[in-house]
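J.:
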Amino acid sequence: MQYCLKLNCEKPENGDGAEVCFSCGTRLLLRNRFRILKPLGEGGLGKTYLAQDCDKMDEPCVVKQLKYESHGTQANKKVIELFLREAQQLYQMRGQAQIPDLMAYFEDEGYFYLVQELIDGEDLSQEKERGLFDEAKIRVLLADVLPILSFIHQRGVIHRDLKPANIMRRRQDGKLMLIDFGVSRQLSQGLTRVGGITIVGTPGYAPFEQMTEGQVDPGPASDLYSLGVTCFELMSGIVPYPLMLQEGYRWVENWRQRVQQPVSAELAGVMDGLLKMRSQERFQTADAVLGALNAEASLAAYRQHLAEYAQEYRKMAAAQWPLSSYLLEQLGRMRAAWGLQPEDVERVERPIRDRVEAAYQARTAQEVEALPQEAEGQQRQQEIRQAEERRRRRELEAERQRVQVLQQELENQKKQQTNAPVALSLQSFSFETVRSEKKFLVFGESVSKRVTRSAEFFREDLGNGVTLDLVMIPGGTFVMGSPESEAGRTSAEGPQREVTVPAFAMGKYPVTQAQYEALMGNNPSNFKGANRPVERVNWNEVVEFCQKLSSLAGKTYRLPSEAEWEYACRAGTTTPYFFGQTLSKSQANFSSAATTEVGSFPANDFGLYDMHGNVYEWCLDPWHEDYQGAPTDGSAWVTGGDSSRRILRGGSWTDFPRYCRSADRVRLDPGDRHSVFGFRLALSASRTS
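Counted from 1, the sequence shown has number 459 at position 68 by the working numbering; the numbering is strictly sequential.
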């Protein structure tokens, strides 16, 4: 049978010997070469067909057809761009045995065509239906797919849409093949649009940077994230998109809890390195992942080999010091077992002697205990040992930096705490707030009650006609954190406890772009607008802003403590949001395409705007996993914790409502910048007498 390609042909099926369609008269042999047999898939943007290449003895192939419009929509233009790019990429990768060959690419009568080798087999989503993958299968999968990714990444090609359905197992040899480089599958399904941006990739598998910023040229780390998600799905049977809808990208932090079968610490460590939300924290190359897997396998064998000697060496380390005859005998046995040559002996022993002598002079017997293991690994595990030493150096450097930051922070806190609250001359202002109230209505669940209130504020002059308003927040006691029954809650939001917060002043709005530029001389924001919140600012830059403003104004401006922020956000409420149990689009900017001007939504009872959504707001505190041992006086919790992570609150324009809750907490590196990060100022202050 042959199939007619003409759109809306009433009877596209034709006999084998036909040259033109019996129904519409269209020639059947595409470009006098490709015989179309039957459709494989269809969507609003194109179709995919099974075909034969008449120039190659009727070799089976796949024909992908794209209908384009020269004056079409932006999304349609994006499809054309990506379709052309896929053809170019496939041409670059011809000859790679695990990527379908590009056989032809051309334009014909208003259509683009791309012809590829047909892969006889099934994809991994079909394999998953017959049973979940165990660790052994996942290791084989990674060992098979990672070299392909390394090959394409070295040629500047990113797959963009890695997932089980786009990895096929070839029937003839069982090898895995990568198909549909981020375009072809979407031609039959349509491109995804998020917040007005055309997204290349599949939600749930595409990484954070690809979905939130619409990058059309993601890096190798983006493919590696998608590979990690693929492995997770194959091990757990859980499709990732519903998880993303429920938890955003935070689900990756708890992936282990969702995998039913055991996963070794070694493989779990590799998975952790793939499933980082921040691209900078992931493995950066496929070769690095392969290296980690190989190292883990070698280490596992190494540990098993050493097990029989471990107990004996522990006793020896406690009783004897290096270079005893017994130790040398054991080292000699190990060298013989591992095949060392006589000329290697001095080279192996010299660093061991040096290390042992150093341990004798300055280190504990525990370190000496490890030396026989190092001796054995000297020859066969040198690469692993070097990697471990590099890791330790990085950890020491990170620890040194954390200590340095903490010392500086403690010093700053000490200075701030010694400054008496600034006496401010305050003015009054009126504002309208709303509260959602449940009603027994035929349609709908709630109505909004509007109330006019007043508060006091102080105005700081930044020069050139730019000012900054801070609202006086009365002191009080509140319950910080969320109850276990609250939807979306995490363990980081507990245990709940009473906190007493002294009176202070807080920014009426997030700092705007005009205010930031007036002081810093630049505007890093993605969504430009003088009265929009400044974004793409990291914690370190915000601290610098506070220092400059403090010097200019003669007052100690700072970020709010986490307790101050939540107290100010709640404004006397105990519900998930200030406005009630739910958050509506008339109350805050969330799940949208961009930031809005500050003050576009109702204030809370303290007269503060945009506490929910628009931009996340940096707080002063370093990250702590929960509130165990936290201060109860409203001050920043600067002791302990992880000073390499800082806290953000309030959610943003791109988030689901659950991440805009009063109690929700986010931690990120103080050097991170993103179009969802902003800040709001605080000031220890009191009224003038």
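Just so it is clear, CB atoms sit at the ideal spot from N, CA and C, and this is done for glycine as well. Since the structure is predicted, the reported quantities are computational estimates derived from the model, not experimental observations.
Among all the DSSP beta bridges, which residues are the ones paired with residue 646?
T.: The partner list for residue 646 (beta bridge, DSSP) is empty, contrary to what the question assumes.
J.: Within the region 401–433, note down every full beta strand (DSSP E) run reaching 3 residues or more, in order along the chain.
T.: Taking only runs of at least 3 residues, the beta strand (DSSP E) segments lying wholly in the region 401–433 are 425–433.
J.: Do you know offhand how far residue 542's Cα is from residue 657's?
T.: Residue 542 and residue 657: Cα-Cα distance of roughly 25 Å.
J.: Buried or exposed, going by whether 16 or more other CB atoms sit within 10 Å of the CB of residue 984?
T.: Classification of residue 984: exposed, given that the 10 Å Cβ count is below 16.
J.: Pop quiz: residue 1069 and residue 890 are said to be a contact at Cβ under 8 Å. What is the actual Cβ separation, rounded to whole angstroms?
T.: Their Cβ separation, rounded to whole angstroms, is 24 Å, which puts residue 1069 and residue 890 out of contact at 8 Å.
J.: Can you tell me whether residue 876 is buried or exposed, with buried defined as 16 or more other CB within 10 angstroms of its CB?
T.: Label assigned to residue 876: exposed.
J.: Measure the C-alpha to C-alpha separation of residue 442 and residue 1034 and round it to an integer number of angstroms.
T.: Roughly 60 Å separates the two Cα atoms.
J.: Can you tell me which of 521, 1073, 517, 599 puts its alpha carbon nearest to the alpha carbon of residue 551?
T.: Out of 521, 1073, 517, 599, 599 has the C-alpha closest to the C-alpha of residue 551.
J.: Look up residue 1081 in the DSSP assignment and say whether it is helix, strand or coil.
T.: As displayed, the chain neither begins before 392 nor continues past 1080, which places residue 1081 out of reach and without an answer.
J.: In the DSSP assignment, what are the bridge partners of residue 336?
T.: Residue 336 is absent from the structure shown; the chain starts at 392 and stops at 1080.
J.: Starting from the Cα of residue 1039, find the closest Cα among 1054, 845, 1030 and give me that residue.
T.: Checking every option, the nearest Cα to that of residue 1039 belongs to 1054.
J.: Based on Cα-Cα distance, which residue from 914, 511, 676, 946 lies nearest to residue 926?
T.: Ranking 914, 511, 676, 946 by Cα distance to residue 926 puts 914 first.
J.: Tell me which residues share the same chain as residue 496 and place their Cβ nearer than 6 Å to its Cβ, disregarding the 5 neighbours each side in the sequence.
T.: If we look at residue 496 and ignore the five residues flanking it on each side, its Cβ neighbours are 478, 505.
J.: Whole angstroms is fine: what's the gap from residue 888's alpha carbon to residue 1048's?
T.: Between residue 888 and residue 1048, the C-alpha separation is close to 24 Å.
J.: Checking 8 Å against the spacing of the C-beta atoms, do residue 566 and residue 525 come in under that value?
T.: Not in contact: residue 566 and residue 525 (Cβ atoms no closer than 8 Å).
J.: Can you give me the C-alpha to C-alpha distance between residue 768 and residue 537, rounded to a whole angstrom?
T.: Low confidence applies to residue 768: its pLDDT is 49, below 50, so where it sits in the model is not reliable, and the reading given next is rough at best. In a straight line, the C-alpha of residue 768 is about 27 Å away from that of residue 537.
J.: Given this structure, state the Cα-to-Cα distance separating residue 664 from residue 865, to the nearest angstrom.
T.: Roughly 45 Å separates the two Cα atoms.
J.: On a CA-only basis, which of 842, 485, 894, 932 is nearest residue 867? Give me that one, please.
T.: Nearest option by C-alpha distance: 894.
J.: So, at 6 Å on beta carbons, what are the nonlocal neighbours of residue 1066 in its own chain, with the 5 sequence-adjacent residues on each side left out?
T.: Same-chain partners within the cutoff: 917, 926, 927.
J.: Does residue 1038 come out as helix, strand or coil in the three-state DSSP assignment?
T.: Of the three classes helix, strand and coil, the one that applies to residue 1038 here is strand, per DSSP.
J.: In whole angstroms, what is the alpha-carbon distance linking residue 1011 and residue 892?
T.: The straight-line gap from Cα to Cα measures roughly 15 Å.
J.: Going straight from the alpha carbon of residue 409 to that of residue 483, what length do you get?
T.: Each residue's Cα considered, the two are about 36 Å apart.
J.: If you scan the region 882–956 from start to end, which runs of the beta strand (DSSP E) of 3 or more residues do you find wholly inside it?
T.: The region 882–956 contains these whole beta strand (DSSP E) runs: 888–892, 895–898.
J.: According to the neighbour-count rule (16 or more other Cβ atoms, all chains shown, within 10 Å of its Cβ), is residue 821 buried or exposed?
T.: Flag for residue 821 reads exposed.
J.: According to DSSP, simplified to helix, strand and coil, what is residue 395?
T.: Three-state DSSP puts residue 395 in coil, outside helix and strand.
J.: Do residue 1074 and residue 859 have their CB atoms nearer than 8 Å?
T.: Taking 8 Å as the Cβ cut-off, residue 1074 and residue 859 do not qualify as a contacting pair.
J.: Compute the Euclidean distance between the alpha carbons of residue 659 and residue 911, then round it to the nearest angstrom.
T.: Cα to Cα, the separation comes out at about 44 Å.
J.: Should residue 705 be labelled buried (16 or more other beta-carbon atoms within 10 Å of its own) or exposed?
T.: For residue 705, the predicted structure reports a pLDDT of 46, less than 50, and the residue's modelled location is therefore unreliable. The matter cannot be settled from this model.
J.: What are the partner residues of residue 1014, as DSSP defines its beta bridges?
T.: Answer is 1033, bridged to residue 1014.
J.: Under 8 Å: do the region 869–884 and the region 994–1012 share three or more Cβ pairs, one atom per stretch?
T.: Too few Cβ pairs lie closer than 8 Å, so no.
J.: In or out: residue 450 buried (at least 16 other Cβ within 10 Å) or exposed?
T.: The residue in question, residue 450, is exposed, as its Cβ has fewer than 16 Cβ neighbours within 10 Å.
J.: For residue 444, is the classification buried or exposed, using 16 other Cβ atoms within 10 angstroms of its Cβ as the cut-off for buried?
T.: The residue is buried, with at least 16 neighbouring Cβ atoms inside 10 Å.
J.: Quick check on DSSP: helix, strand or coil for residue 844?
T.: In this structure, residue 844 counts as strand in the three-state DSSP scheme.
J.: Under a three-way DSSP split, which group does residue 503 fall into?
T.: Residue state, collapsed to three classes: strand.
J.: Mind checking residue 716: buried by the 16 CB within 10 Å criterion, or exposed?
T.: Here the model assigns residue 716 a pLDDT of 45, short of 50, so the residue's position is not dependable and the matter cannot be decided.
J.: What number of angstroms, rounded off, separates the C-alpha of residue 1050 from the C-alpha of residue 879?
T.: Approximately 8 Å between the Cα atoms of the pair.
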